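In my numbering, the protein residues as written are 1363 to 1636.
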């Protein structure tokens, strides 16, 4: 039985120690979560999820993952750096309190004398006097600092530059690489690249006329460019994402010579039909 008076004071200090360690664990978790989320912002992970799942709960997945990382980090760091109240007491009071706690069920003259001395020492000891407040202040500073860094990255031009306008280009690169592997290409025969590396010519039908279309090296992602004759290209200024009307004559003149007449007749028939 807990019959000695010093045990109530010792339990009071133990409860205060657990409360202090919980505060440290929470601050460690906030610091780890802020650092993880800042890394997600710098790598563009948050922008990726916001771009593709803007109106979906998946847009908040990076933030939830950062919180999960913070919780796991707080748990493991708290277990490894767990502090006992006996470690916080000054010597020789620490040894006396440990001895009294280990022999709290023992009834003897020596134990009663020790319990009386512990009662006098622990009764006048405040909880705030045994904790290292610098541990708390350092973690508060780290948590606030990393939180501000994450907020600045999220609101700054850094995050805007990393925001993808169209991630479909990544898919195109992956498809091109997969096509190369499927065709059995390797680095050893890279010198023997031929137009047939992209497969058989595709077939397009325009105004009941069949046109063979073939992609040549130099026109796809990751291919080698081939020398070609200089050609004059006509461009029109337009806001991003908006089309601009171009005269059909300019468009037809820019087409390959072997297809120019066919497409021109198509547009003429289309105009007559309207």
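Just so you know, even glycine gets a beta-carbon here, dropped at the ideal spot from N, CA and C. In this text the structure is predicted, and so the values were computed from the model without any measurement.
Rounded straight-line distance, which links the Cα of residue j to that of residue i
i, j, result
"residue 1618", "residue 1628", "15 Å"
"residue 1473", "residue 1462", "7 Å"
"residue 1368", "residue 1442", "29 Å"
"residue 1379", "residue 1387", "12 Å"
"residue 1580", "residue 1439", "Model confidence at residue 1580 stands at a pLDDT of 46, short of 50, so the residue's coordinates are unreliable and nothing is read from them."
"residue 1425", "residue 1399", "6 Å"
"residue 1377", "residue 1457", "19 Å"
"residue 1622", "residue 1631", "14 Å"
"residue 1448", "residue 1495", "17 Å"
"residue 1527", "residue 1418", "Note on residue 1527: pLDDT 48, under 50, position unreliable in the model; no value is reported."
"residue 1375", "residue 1490", "10 Å"
"residue 1432", "residue 1470", "49 Å"
"residue 1436", "residue 1422", "21 Å"
"residue 1518", "residue 1624", "52 Å"
"residue 1620", "residue 1626", "11 Å"
"residue 1503", "residue 1381", "19 Å"
"residue 1372", "residue 1405", "49 Å"
"residue 1420", "residue 1427", "11 Å"
"residue 1509", "residue 1616", "55 Å"
"residue 1476", "residue 1500", "37 Å"
"residue 1479", "residue 1389", "37 Å"
"residue 1413", "residue 1635", "42 Å"
"residue 1511", "residue 1396", "8 Å"
"residue 1507", "residue 1401", "14 Å"
"residue 1416", "residue 1464", "59 Å"
"residue 1434", "residue 1466", "36 Å"
Among the options, nearest to residue i - alpha-carbon criterion
i, options, result
"residue 1468", "1366, 1458, 1401", "1366"
"residue 1481", "1433, 1459, 1377", "1459"
"residue 1370", "1631, 1484, 1626, 1620", "1484"
"residue 1445", "1615, 1383, 1373", "1383"
"residue 1391", "1503, 1429, 1381, 1616", "1429"
Beta-carbon separation (whole angstroms), residue i vs residue j, contact threshold 8 Å
i, j, result
"residue 1393", "residue 1513", "Between residue 1513 and residue 1393 the Cβ distance is about 14 Å, and since that is not below 8 Å, they are no contact."
"residue 1515", "residue 1403", "4 Å"
"residue 1498", "residue 1385", "6 Å"
Extent of the continuous alpha helix (DSSP H) to which residue i belongs
i, result
"residue 1468", "No alpha helix (DSSP H) holds residue 1468; DSSP gives it neither H nor E."
"residue 1499", "1495-1517"
"residue 1451", "No alpha helix (DSSP H) contains residue 1451, which DSSP labels as neither H nor E."
"residue 1486", "Segment: none, residue 1486 is in no alpha helix (DSSP H) and carries neither H nor E."
"residue 1432", "1423-1442"
"residue 1623", "1619-1635"
"residue 1392", "1368-1405"
beta-carbon residue i near the ligand MN non-hydrogen atom, thresh 7 Å
i, result
"residue 1386", "In terms of ligand content, the structure shown is empty, and the ligand MN therefore cannot be addressed."
Okay, do the stretch 1443-1456 and the stretch 1402-1411 touch, 3+ Cβ pairs below 8 Å being the bar?
Taking a cut-off of 8 Å for Cβ pairs, the stretch 1443-1456 and the stretch 1402-1411 do not touch, as fewer than three such pairs fall below it.
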